[in-house]
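See below for the structure under consideration.
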Amino acid sequence: MNNDPVARRARMPPRNDTTAPKWDESHPRELPQYFKELEYLFADCGIADNTQKKEYASRYISYDMAETWLGLPEFGDNIIIGNNAPRPYTYQEWKAAVLRLYPGADASAHYNLGDLERLVNQTFNSSLATLGRFSDYYRDFQHIARWLLANGKLYRNEERCLFQQGIPTSLWSKVVRRLEITLPNHHPEDPYDVDQVFKGAKWVLKGTDTSTTKTSNGTTSIHSSSPIANPPTVPSPAPKQEALELATTTAIVSALERLEALLTSSNAQPRQQFANSTCHFCGEMGHTMVRGTCIKLEQMIQQGKIHHNAEGKIILPSGAMIPNYFGKRLYIECIEEWHRLNPEQIVTGRLSSNADPDPEQAAMQQSLIHEVMQQDIATG
Numbered sequence: 075m076n077n078d079p080v081a082r083r084a085r086m087p088p089r090n091d092t093t094a095p096k097w098d099e100s101h102p103r104e105l106p107q108y109f110k111e112l113e114y115l116f117a118d119c120g121i122a123d124n125t126q127k128k129e130y131a132s133r134y135i136s137y138d139m140a141e142t143w144l145g146l147p148e149f150g151d152n153i154i155i156g157n158n159a160p161r162p163y164t165y166q167e168w169k170a171a172v173l174r175l176y177p178g179a180d181a182s183a184h185y186n187l188g189d190l191e192r193l194v195n196q197t198f199n200s201s202l203a204t205l206g207r208f209s210d211y212y213r214d215f216q217h218i219a220r221w222l223l224a225n226g227k228l229y230r231n232e233e234r235c236l237f238q239q240g241i242p243t244s245l246w247s248k249v250v251r252r253l254e255i256t257l258p259n260h261h262p263e264d265p266y267d268v269d270q271v272f273k274g275a276k277w278v279l280k281g282t283d284t285s286t287t288k289t290s291n292g293t294t295s296i297h298s299s300s301p302i303a304n305p306p307t308v309p310s311p312a313p314k315q316e317a318l319e320l321a322t323t324t325a326i327v328s329a330l331e332r333l334e335a336l337l338t339s340s341n342a343q344p345r346q347q348f349a350n351s352t353c354h355f356c357g358e359m360g361h362t363m364v365r366g367t368c369i370k371l372e373q374m375i376q377q378g379k380i381h382h383n384a385e386g387k388i389i390l391p392s393g394a395m396i397p398n399y400f401g402k403r404l405y406i407e408c409i410e411e412w413h414r415l416n417p418e419q420i421v422t423g424r425l426s427s428n429a430d431p432d433p434e435q436a437a438m439q440q441s442l443i444h445e446v447m448q449q450d451i452a453t454g
C-alpha cells in the first residue's frame with residue numbers, strides 16, 4: 075500500500091472533464107464563484123505556486139478569454155514596491171486584475187435599489203394567484219433585499235414597504251385581513267415584516283398550485299408587458315369551495331349595497347354638501363374632486379400624469395385605474411408613486427367618446443368609492 079500523501083493527493087481535472095470548473099462569460103456575476111471553485115481544487119491538489127494557479131485558472135475558459143487573461147501585466151511581470159527588490163505579481167493580484175475586466179463581477183455593485191423596485195413593479199403588474207408564484211416573488215425579493223441590507227443600501231422599513239407594494243391589491247387585502255387576525259397587536263401604521271406577510275400569503279393561497287416558474291438560469295420569469303396565465307390550481311374539496319364562493323359573493327354584494335346607498339344619498343342632496351369636505355385627491359379641505367375645483371388635480375392633468383376616461387373618471391396614462399399602494403391614502407400619493415415606478419409615461423393624447431359624461435357626477439362617484447374602500451380597510 076502506498077502511504078505517500080503526495081501520491082494520494084487529488085489532481086486538477088482535464089479541461090473538458092465534467093468535474094472541471096466552468097464559467098460563462100455572459101454571466102460575469104458568476105466569475106467570483108468560478109475562482110472559489112478553483113481555489114477549493116488548489117487546496118485539494120496542493121497547488122501553492124502563483125504561476126501554476128494563474129495557468130490553471132486560464133485553462134478552463136475559452137481560448138480568446140485565456141489569451142486576454144494571460145496577457146495581463148499581472149500574469150508574469152515583476153512589481154517594485156518602494157525600495158524593495160522586484161517580485162512577481164501574486165495570484166491574488168492577478169485575479170483582482172481579471173475581475174476588473176468584468177464590471178458585473180464586482181461584489182460591491184451586484185444590486186442597487188432600482189433592481190428591487192423593478193422586481194416589485196413587475197410583480198405588481200403580473201399574477202400572484204398561486205403559492206408557487208408568490209414563493210418565486212418572495213425568494214427573488216429576499217435575494218436582492220438581503221444583499222442591499224447587508225451593504226447598507228436599504229433600510230429595514232423600506233424593505234417591508236417595498237415587498238408589500240409588489241402584491242396585487244386584491245391579494246393584499248386578503249393577506250391583511252389574515253394578518254389582522256394573527257397579529258392583533260400590530261400597529262396599523264407600521265409595515266408588516268416580510269416573513270409575516272409571506273406566512274399570511276401562504277395561508278390565503280393554501281390549496282393553490284405550488285409549482286414555480288423558474289427559468290433555466292434560476293430566475294423568475296416575470297414580464298410586465300403581457301399578462302401571465304394563471305397556472306392550474308389544485309381543486310379544493312367541494313364544501314370548502316362553495317363556502318369560499320358564498321363568502322366572496324356576500325362580501326361583494328354588501329360592498330355594492332353600501333356603495334349604492336351612498337350614491338343614492340348623494341344624488342338626493344344638493345351638491346353643495348361637499349363644500350366643506352376633504353378632497354380625496356389632495357387631502358385639502360374646502361373642495362372636492364369635481365373637475366375645476368382641485369388645483370393639484372388640474373395641474374397633474376396639464377402635466378400629462380393623468381387624464382379622464384370616457385366616463386369622466388381619473389385614469390393613468392396607460393389607461394389603467396389608479397392602483398392602491400401600502401401607506402398611500404390619497405389619489406395624488408398613489409399617482410406619484412406609480413410615476414416613480416413607471417418613469418417617463420405621460421399622456422400624449424386624449425380619449426374621445428360619443429358619450430358626454432357628467433364630470434361632477436363621475437368625481438363624486440370616485441370619491442364615494444374611495445370612502446367605501448377606506449371603510450373596508452378600517453373595519454377589516
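Numbered by the numbering used here, the letters in the sequence shown go through residues 75 to 454 in order.
Heads up, the beta-carbon is just placed ideally off N, CA and C, and yes, glycines get one too.
Just so it is clear, the structure is predicted and the values come from calculations on it, not from any experiment.
- Query: What do you get for Asp430, buried or exposed, if any count of 16 or more other CB atoms within 10 angstroms of its CB means buried?
  - Reply: Here residue 430 corresponds to residue number 356 of the sequence shown, with the count starting at 1. Caution is warranted here: a pLDDT of 47 is assigned to Asp430, below 50, making its placement in the model unreliable, and the coordinate value is therefore given only provisionally. Exposed.
- Task: Could you have a look at Met359 and say whether DSSP puts it in helix, strand or coil?
- Result: For this step, residue 359 is matched to residue 285 along the sequence shown. It is a strand residue.
- Item | Member of Thr243, Phe237 and Leu245 whose CA lies at the smallest distance from the CA of Tyr266 | For the purposes of this step, residue 266 is taken as residue 192 along the sequence shown, with counting starting at 1. Of Thr243, Phe237 and Leu245, the smallest CA-CA separation from Tyr266 is found for Phe237.
- Task: Would you decide whether Glu148 is buried or exposed? Buried here means 16 or more other CB atoms lie within 10 Å of its CB.
- Result: Counting from one through the sequence shown, the residue named residue 148 turns up at place 74. It is buried - the Cβ of Glu148 has at least 16 other Cβ atoms within 10 Å.
- Is it buried or exposed for Leu175, if we count other Cβ within 10 angstroms and need 16 for buried? Counting from one through the sequence shown, the residue named residue 175 turns up at place 101. Note on Leu175: under 16 other CB atoms within 10 angstroms of its CB, so exposed under the neighbour-count rule.
- Message: Classify His361: buried if its beta carbon has 16 or more other beta carbons within 10 angstroms, exposed otherwise.
- Response: One-based indexing of the sequence shown puts residue 361 at position 287. Residue environment for His361: buried (at least 16 other C-beta atoms within 10 angstroms of its C-beta).
- Query: On the three-pair Cβ rule with 8 angstroms, is the segment 366-381 touching the segment 403-411?
  - Reply: The segment 366-381 makes contact with the segment 403-411, as at least three CB pairs between them are under 8 angstroms.
- Measure the CB-CB distance between Pro160 and Asn124 and report whether it falls below 8 angstroms. Position 86 of the sequence shown, counted from the start, is the residue given in the question as residue 160. Position 50 of the sequence shown, counted from the start, is the residue given in the question as residue 124. Taking the C-beta atoms as reference points, Asn124 is found no nearer than 8 angstroms to Pro160.
- Query: Going by beta carbon distance, what residues of the same chain come within less than 6 angstroms of Gly274, once the five residues before and after it are set aside?
  - Reply: Here the question's residue 274 lines up with position 200 in the sequence shown. Within the same chain, Gly274 has close Cβ partners Val249, Arg252 and Leu253.
- Item | Spatial distance of Ser200 from Arg234 (CA atoms) | Locating residue 200 in the sequence shown gives position 126, counting from the first residue. Locating residue 234 in the sequence shown gives position 160, counting from the first residue. Taken atom to atom, the span from the alpha-carbon of Ser200 to that of Arg234 is near 20 angstroms.
- Item | Helix, strand or coil at His297 [DSSP, three-state] | Here the question's residue 297 lines up with position 223 in the sequence shown. Here His297 scores only 38 on pLDDT, less than 50, and its place in the model is too uncertain to base an answer on.
- Task: Compute the beta-carbon to beta-carbon distance between Gly150 and Leu193, rounded to the nearest angstrom, for a pair I have assumed lies under 8 angstroms.
- Result: Taking the first residue of the sequence shown as 1, we reach residue 150 at position 76. Taking the first residue of the sequence shown as 1, we reach residue 193 at position 119. The pair is not a contact, with the Cβ atoms about 44 angstroms apart (cut-off 8 angstroms).
- Item | 8 angstroms Cβ cutoff met for Leu279 and Phe208 | Along the sequence shown, read from residue 1 onward, the residue named residue 279 stands at position 205. Along the sequence shown, read from residue 1 onward, the residue named residue 208 stands at position 134. Yes, they are a contact pair.
- Expressed to the nearest angstrom, what Euclidean distance is found between the alpha-carbon atoms of His184 and Pro106? For this step, residue 184 is matched to residue 110 along the sequence shown. For this step, residue 106 is matched to residue 32 along the sequence shown. Between His184 and Pro106, the C-alpha separation is close to 12 angstroms.
- Task: Starting from Thr352, follow the alpha helix (DSSP H) in both directions and report where the run begins and ends.
- Result: Sequence index remark: in the sequence shown, residue 352 carries index 278 (1-based). Annotation: Thr352 is outside any alpha helix (DSSP H) and is labelled neither H nor E by DSSP.
- Taking the DSSP output, what are the residues bridged to Ile406? Locating residue 406 in the sequence shown gives position 332, where the first residue counts as 1. The partner list for Ile406 (beta bridge, DSSP) is empty, contrary to what the question assumes.
- For Glu111, which residues from the same chain have a beta carbon less than 6 angstroms from its beta carbon, with the 5 sequence-adjacent residues on both sides left out? Position 37 of the sequence shown, counted from the first residue, corresponds to residue 111. Around Glu111: Pro95.
- Task: Can you grab the Cα-Cα spacing for the pair Glu263 / Gly206, in whole Å?
- Result: Counted from its first residue, the sequence shown places residue 263 at position 189. Counted from its first residue, the sequence shown places residue 206 at position 132. In a straight line, the C-alpha of Glu263 is about 29 angstroms away from that of Gly206.
- Message: I need the boundaries of the alpha helix (DSSP H) containing Ile241, first residue and last residue.
- Response: Here residue 241 refers to the residue found at position 167 when the sequence shown is read from its first residue. Going by DSSP, Ile241 is part of no alpha helix (DSSP H) at all; its letter is neither H nor E.
- Item | Unbroken alpha helix (DSSP H) run spanning Ala94, endpoints | Against the sequence shown, residue 94 aligns to sequence position 20. Unbroken run through Ala94: none, as it is neither H nor E.
- Query: Skipping 5 residues on each side, what residues in its chain have a beta carbon closer than 8 angstroms to that of Lys402?
  - Reply: Residue mapping note: residue 402 aligns to position 328 of the sequence shown, counting from 1. The answer, listed in chain order, is Cys408 and Glu411.
- Query: Should Asp210 be labelled buried (16 or more other beta-carbon atoms within 10 Å of its own) or exposed?
  - Reply: Here residue 210 refers to the residue found at position 136 of the sequence shown. By the neighbour-count rule (16 or more Cβ atoms within 10 Å), Asp210 is buried.
- Selection from Leu415, Arg133 and Leu187 that minimises the alpha carbon distance to Arg220: Residue numbering aside, residue 220 sits at position 146 when the sequence shown is read from its first letter. Nearest C-alpha to Arg220: Leu187.
- Query: DSSP beta-bridge partners for Ile389?
  - Reply: Numbered from 1 along the sequence shown, position 315 holds the residue referred to as residue 389. Looking at the DSSP output, Ile389 sits in a beta bridge with His381.
- Put Gln419 into one of helix, strand or coil per three-state DSSP. Along the sequence shown, one-based indexing puts residue 419 at 345. Reduced to three states, the DSSP call for Gln419 is coil.
- Item | Met139 versus Leu415: straight-line alpha-carbon distance, rounded | The residue labelled residue 139 in the question sits at position 65 within the sequence shown. The residue labelled residue 415 in the question sits at position 341 within the sequence shown. Here the C-alpha atom of Met139 lies approximately 39 angstroms from the C-alpha atom of Leu415.
- Which value, in whole angstroms, describes the spacing of the CA atoms of Gln196 and Asp189? If you number the sequence shown from 1, residue 196 lands on position 122. If you number the sequence shown from 1, residue 189 lands on position 115. Approximately 11 angstroms, taken between the alpha carbons.
- Test item: CB-CB of Cys356 and Ile389 under 8 angstroms: Stepping through the sequence shown from its first residue, residue 356 is reached at position 282. Stepping through the sequence shown from its first residue, residue 389 is reached at position 315. No; because the gap between Cβ atoms is not below 8 angstroms, this pair is not in contact.
- Query: Thinking C-alpha only, which one of Tyr134, Met86 and Thr93 is nearest Asp118?
  - Reply: Residue 118 sits at position 44 when you count from the first residue of the sequence shown. It is Met86 whose Cα lies nearest to the Cα of Asp118.
- Message: Between which two residues does the alpha helix (DSSP H) holding Pro88 run?
- Response: For the purposes of this step, residue 88 is identified with residue 14 of the sequence shown, where counting begins at 1. It is not in any alpha helix (DSSP H) - Pro88 carries neither H nor E in the DSSP assignment.
- Item | Euclidean distance between Cα positions of Thr284 and Asn231 | In the sequence shown, the residue the question calls residue 284 occupies position 210. In the sequence shown, the residue the question calls residue 231 occupies position 157. Spanning the two alpha carbons is a distance of roughly 29 angstroms.
- Query: Which of helix, strand or coil does DSSP assign to Thr255?
  - Reply: Translated into the one-based positions of the sequence shown, residue 255 becomes position 181. The sequence as given places Ile at residue 255; Thr does not occur at that position. It is helical.
- Run through DSSP, which three-state label would Lys276 get? By one-based count along the sequence shown, residue 276 stands at place 202. Correct three-state label for Lys276: helix.
- For the segment 186-250, which segments carrying the alpha helix (DSSP H) assignment without a break, of at least 4 residues, lie completely within its bounds, in sequence order? When DSSP assignments are scanned along the segment 186-250, the uninterrupted stretches of alpha helix (DSSP H) that are 4 or more residues long and fall wholly within it turn out to be 187-198, 205-224 and 230-239.
- Item | Status (buried if at least 16 other CB within 10 Å, exposed otherwise) for Ala203 | The residue labelled residue 203 in the question sits at position 129 within the sequence shown. With 16 or more other Cβ atoms within 10 Å, it is buried.
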